[in-house]
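Numbering (mature numbering (1 follows the signal peptide of the UniProt record, and there is no 0)), first residue to last: -20 to -1, 1 to 706. In this text, a Cβ means the ideal position worked out from N, Cα and C, and glycines have one as well. Given the structure is predicted, the values throughout are model-derived calculations rather than measurements. Below is one structure, written out as structure tokens; comments come after it.
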């Protein structure tokens, strides 16, 4: 009986294996959706699996890292079969051969014409249009029964709807983001590109649009330093009468808020409607997909029919599918129809490489005006300077032969050095009888160091000799280092300069370490006092800042430094002082970063100092008291000398941590104002991931950071050796 059972199990296993081998591999679909949009995508792909029998593996990625992961994964065959992305990066993806053209059975008439045009490159369509993304005006109908049709009507309404002292505003939107400022720019007839397709910033329309927005803020008709979270809070609390946002915001509105969506008003001064960017979200098929036919079928399925209806009703997306608007559900959905109407005046976002280059210069100009550092008429010139500095000319190619010869000579030299040493009288096995066992123990750690440290270091060092452009690498030798050290394109006193950033980094490290040591040592001295009650509880409370993940702490402190709603400015107001715009000047932004990092760093120094203090014999202090030494003398002559052996390594370690403390800079000040508070590591990050993926330039920055830290390491090593021999 057992034999028959075993035979049956074997037959079933073989049958299942054959079935699994015949079944198609799951399609990989990458996206950056969250909330209702993600739920709708899950339902749509489940319907695709029911219809075709092909499974779909979904992977949600953070939007900020999405493009970078695509450009790195797809060329190596590790990427998705289908990915959902906005159309503005299409030409970049096309230049890197990441996307495939649509299948032959693609029907242009199934979609709105402007959505198909947005996905065209050299006469061919790449991608299946899913949805439209544009901005419109959300109006709280309890506060604004009749929406404004022009900016003149808007300005007349705002004073009655706003009271900054009570936290009420007539209009809110993310004013520091160029995507939300674009409708004002185009409404004031400001061009973004010239006839050659190159970005233009210093125009009358740009100045007028910035002056208009600056007036809204200065009159307190809209808040300062607006974030997406603040927009949501104000509108849901009934403290914002109107807001500018896209269809994705509808899912964030509380059920108790009554609202409607209308097109953005016309600019009275020019008679031109405010024209937001029109973004087209599409399902792109990877050029490296091994299941191209099934991938095209999935992308087409998601963009039309039942999947389009689900994305509309569940995900609250504005469909690009013409037939979707014929269904009863969509016809009765006022939000969808309102956004579709608002998108008629939208300006299609160019899918050229030039579009990716305007965001940082415009962000700099926009925030400089809103923070009061630059006049609206001068902001365009500021953006032009930043644009020219960021997008430097491609370095000339270098001859790799001398470099290969140098590497070969170094390898031969190293080999000759090893071989010229005389062989020992005993063999390696005789001198180290436990070599095999020792190698076995060390191998896991050595493998980790090799994979996580040595190989990335060699790759980064090699990458610094190349220039990256649209997926293509070209050997340029030391050109990246020359451009960095020569500060080409900007003055050494400007934030983009390596020397300026190095000075800020050194100041950042020194100030933080001094505060960490002073506060940590001071608290350790207090906690050592035997007369202090509840010392154990205080130790636990004071260690909490170090125990909490630093990115959570950074976001908390960021909110406390908000100009209008932050706790710190609230405290200043209670004391009768003026609120501070913390991120408008270098001094205050730097102070905000330092305060946050000090909160994070002092517990480590406190713990080290407390442990060292407990090892000092109490008899030394008793003898000093007998000799008449004061408390200060005891501290100077006994405590400090005996603390140095323990504190000096902690100071060295803390300085290295602080030197590369990326999270605080990135999350608290964000480099504001204008990149002035960026440190070397955050500047390298921006060159790699926010400035057209200039990986070689960023790698050169990283090599220079390594050399600076190598010099610091040599100095501290000498310092520690001197301390040991003293």
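Determine contact between the stretch 151 to 164 and the stretch 287 to 296, defined as no fewer than three beta-carbon pairs at a distance below 8 Å. no
For the alpha helix (DSSP H) that residue 197 lies in, which residues bound it at each end? 184 to 198
Between the CA atoms of residue 127 and residue 223 - distance to the nearest angstrom: 11 Å
Provide the residue span of the alpha helix (DSSP H) that contains residue 452, from first to last. Looking at the DSSP string, residue 452 is not in any alpha helix (DSSP H); the run it does join, the beta strand (DSSP E), is 452 to 455.
Residue 68 and residue 331 closer than 8 Å at C-beta: yes
Going by Cα to Cα distance, which pick from 616, 307 and 243 is closest to residue 323? 243
So for residue 641, helix, strand or coil by DSSP? coil
In chain order, what residues of the same chain have a beta carbon less than 7 Å from the beta carbon of residue 81, not counting five sequence neighbours either side? 104, 105 and 106
When we look at the beta-carbon of residue 553 and count the other beta-carbons within 10 Å, is it buried (16 or more) or exposed? exposed
Quick one: what does DSSP say residue 314 is sitting in, helix, strand or coil? helix
The beta strand (DSSP E) enclosing residue 474, as first and last residue numbers: Neither: residue 474 is in no beta strand (DSSP E) and is coded neither H nor E.
Can you determine whether any heavy atom of the ligand MN sits closer than 7 Å to the C-beta of residue 325, and answer yes or no? Although the ligand MN was asked about, the structure shown includes no ligands whatsoever.
By a C-beta neighbour count over all protein chains shown, 10 Å radius and 16 as the cutoff for buried, is residue 445 buried or exposed? buried
Do residue 661 and residue 686 come within 8 Å of each other at the CB atom, strictly closer than that value? no
Give me the Cα-Cα distance between residue 650 and residue 207, rounded to the nearest whole angstrom. 13 Å
Count the C-beta pairs between the stretch 574 to 594 and the stretch 499 to 510 that are closer than 8 Å, then say yes if the count reaches three, no if not. yes
What residues in its chain sit with their C-beta under 8 Å from that of residue 533, if we drop five residues either side in the sequence? 525, 576, 579 and 580
Per DSSP, what kind of secondary structure is residue -7 in: helix, strand or coil? The predicted position of residue -7 is uncertain, since its pLDDT is 49 and thus under 50; a value taken from the coordinates is nonetheless stated next. Residue state, collapsed to three classes: helix.
Going by Cα to Cα distance, which pick from 205, 245, 146 and 9 is closest to residue 137? 245
Along the chain, which unbroken stretches of the beta strand (DSSP E) at least 3 residues long are found entirely within the stretch 105 to 139? 108 to 113 and 116 to 120
Within 8 Å, strictly: CB atoms of residue 496 and residue 582: yes
Using C-beta distances below 7 Å, list every residue in its chain close to residue 134, excluding the 5 sequence neighbours before and after it, in chain order. 128 and 245
Can you give me the Cβ contacts of residue 20 inside the same chain, cut-off strictly under 6 Å, excluding the 5 residues immediately before and after it? 290, 291, 294 and 295
Tell me where the alpha helix (DSSP H) around residue 276 begins and ends. 272 to 283
Run through the DSSP bridge pairs and tell me what residue 298 is partnered with. 112
Distance, residue 568 Cα to residue 726 Cα: In the structure as shown, the chain begins at -20 and stops at 706. Residue 726 is therefore absent and cannot be evaluated.
When the Cβ atoms of the stretch 599 to 609 are set against those of the stretch 511 to 518, are three or more pairs found closer than 8 Å? no
Between which two residues does the beta strand (DSSP E) carrying residue 259 extend? 257 to 265
Cβ-based burial, residue 644 [other Cβ within 10 Å; buried from 16]: buried
Taking one C-beta from the stretch 198 to 217 and one from the stretch 89 to 105 each time, how about it: are there three or more such pairs within less than 8 Å? no
Just the Cα atoms here: how many angstroms apart are residue 488 and residue 271? 52 Å
Along the chain, where does the beta strand (DSSP E) that runs through residue 143 open and close? Where residue 143 is concerned, there is no enclosing beta strand (DSSP E), given that its DSSP letter is neither H nor E.
Please determine if the stretch 59 to 79 and the stretch 253 to 268 are in contact, where contact requires at least 3 C-beta pairs separated by less than 8 Å. yes
Residue 87: which of 284, 697 and 18 sits nearest, CA to CA? 284
Reference residue 163; option with closest CA among 232, 64, 254 and 119: 254
Inter-stretch contact at 8 Å, needing at least 3 Cβ pairs: the stretch 182 to 198 / the stretch 356 to 365: yes
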